[in-house]
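Input: a single structure, listed below in structure tokens.
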Ligand SMILES: Nc1nc2c(ncn2[C@@H]2O[C@H](COP(=O)(O)OP(=O)(O)OP(=O)(O)O)[C@@H](O)[C@H]2O)c(=O)[nH]1
Ligand SMILES: [Mg+2]
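Below, the structure is given as structure tokens:
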């Protein structure tokens, strides 16, 4: 089959074609599926990084600094900002635009916002599609910023390679909320706003929670993240050479090679890295920890298994979606009739579903 002109332009690295395809995918219109199919063979090269956390933790500020470092390394970067409310007119994206302004002019950076809408799981699906389009366009790194609040937003983190969870001091309730889901999806923690009061306490809370979470796996050593241990030593020693704020949480120097997180029997343990995104402090070590996670994904059996598990899950979601679409198209009326029959108690939903499946497979 001949390559769709838009697919060809995306593969040629044209930012405007990329933006157009993203719009088609967003709206699920035009020949978006044909384009996605054609682009797929050229994907799988980009490293995808989710950046999530409570509102206002500093995700966009951090993303901005990460873009700068990645650009300095010559990487092509795509950023997908997911706004839980109204992405095109809302204040949050306006704020994000201001925070990432310097990168909007850069042809090596593609920034796109995405709406939270439609059915549960719809967001992660279109995010996954757009990540693939950016990948085919030639992005070396795709950063996906999403507020870690709803189920749908958290679902997005299951479509990326590495997830950074950004926390900040003074978010007591959020620290509690993190237990609900953010904790499990974290590959690396950033404790941002380390210039503020209470950063140390936030780090301790996180250490405690990750320790509790992995208590069963962690029998042989007290596996704290090395970068945090260093931070605390620095603070106790009177804040030696590293940058520090009034709270005493020490942010590692950009030049310091951040120690790799320890891996226990192949298991990845999320390191905790303090930073001050506003001043760009601790961002380079943070990126190093994230890169360490990428190496783990690619270089270990456990890492490769996780990649495969994610792919398996995505494939099943796609199958579920496609099956449902086909079933609804083929026998929407029969489904409606079954609903009425169940509502009148003439039929139970279990039998109804079985009958519908039988009917569908025979069509
Ligand atoms: N003191 C201090 N403030 C910071 C730091 N990083 C970001 N901020 C401020 O925190 C506020 C929120 O930053 P954003 O980067 O917009 O946070 P966000 O997590 O993207 O916010 P949402 O996208 O709205 O959830 C802004 O006013 C930033 O200037 C930091 O390291 N220290
Ligand atoms: Mg933001």
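In the numbering used here, the protein residues as written are 746 to 1108. Every residue, glycine too, gets a C-beta built ideally from N, C-alpha and C.
Subject >> Pick from 752, 827, 746 and 883 that is closest to residue 898, judged by C-alpha positions >> reply: 827
**OP:** Look up residue 912 in the DSSP assignment and say whether it is helix, strand or coil.
**Re:** strand
Original post:
So which of 798, 1084 and 876 has the shortest CA-CA distance to residue 770?
Top reply: Comparing Cα-Cα distances from residue 770 to each of 798, 1084 and 876, the minimum goes to 876.
Original post:
chain D beta carbons: is any one of them nearer than 8 Å to that of residue 1090?
Top reply: No chain D appears in the structure shown, which is made up of a single protein chain.
**OP:** Pick out whichever of 1083, 947 and 881 has its Cα sitting closest to the Cα of residue 766.
**Re:** 881
Original post:
Count the other CB atoms within 10 Å of the CB of residue 1099; is the residue buried (16 or more) or exposed (fewer)?
Top reply: exposed
**OP:** Pull up the distance between the alpha-carbon of residue 857 and that of residue 795, whole angstroms please.
**Re:** 14 Å
**OP:** Alpha carbon to alpha carbon, how far is residue 1026 from residue 953? Give it in angstroms, no decimals.
**Re:** 24 Å
Original post:
So, is residue 777 buried or exposed, given that buried needs 16 or more other C-beta atoms within 10 angstroms?
Top reply: Buried, since its Cβ has 16 or more Cβ neighbours within 10 Å.
**OP:** Give a single yes or no on whether residue 801 has its beta carbon closer than 7 Å to a heavy atom of ligand 1.
**Re:** yes
Original post:
Say the cut is 7 Å; is the CB of residue 945 nearer than that to a heavy atom of ligand 1?
Top reply: Checking the Cβ of residue 945 against ligand 1 gives no.
Original post:
With 16 other CB atoms within 10 Å as the buried threshold, where does residue 1021 fall?
Top reply: buried
**OP:** Can you tell me which of 1076, 1086, 802 and 1101 puts its alpha carbon nearest to the alpha carbon of residue 940?
**Re:** 802
Subject >> For residue 800, three-class secondary structure by DSSP >> reply: If DSSP states are grouped into helix, strand and coil, residue 800 belongs with coil.
Original post:
Run through DSSP, which three-state label would residue 746 get?
Top reply: coil
Original post:
Is it the case that the Cβ atoms of residue 906 and residue 1041 are separated by a distance below 8 Å?
Top reply: no
Original post:
Is it the case that the Cβ atoms of residue 1101 and residue 1079 are separated by a distance below 8 Å?
Top reply: If you check the CB distance, residue 1101 and residue 1079 come in under 8 Å.
Original post:
Mind checking whether residue 1104 and residue 1076 have CB atoms under 8 Å apart?
Top reply: yes
Original post:
Since residue 765 sits in a beta bridge, which residues does DSSP pair it with?
Top reply: According to DSSP, residue 765 bridges with nothing at all.
Original post:
Closest to residue 807 by CA distance: which of 751, 1011, 938 and 1070 is it?
Top reply: 938
Original post:
Less than 7 Å between the CB of residue 805 and some heavy atom of ligand 2, yes or no?
Top reply: Residue 805 has its CB nearer than 7 Å to a heavy atom of ligand 2.
Subject >> Buried or exposed (CB count within 10 angstroms, at least 16 for buried), residue 1071 >> reply: exposed
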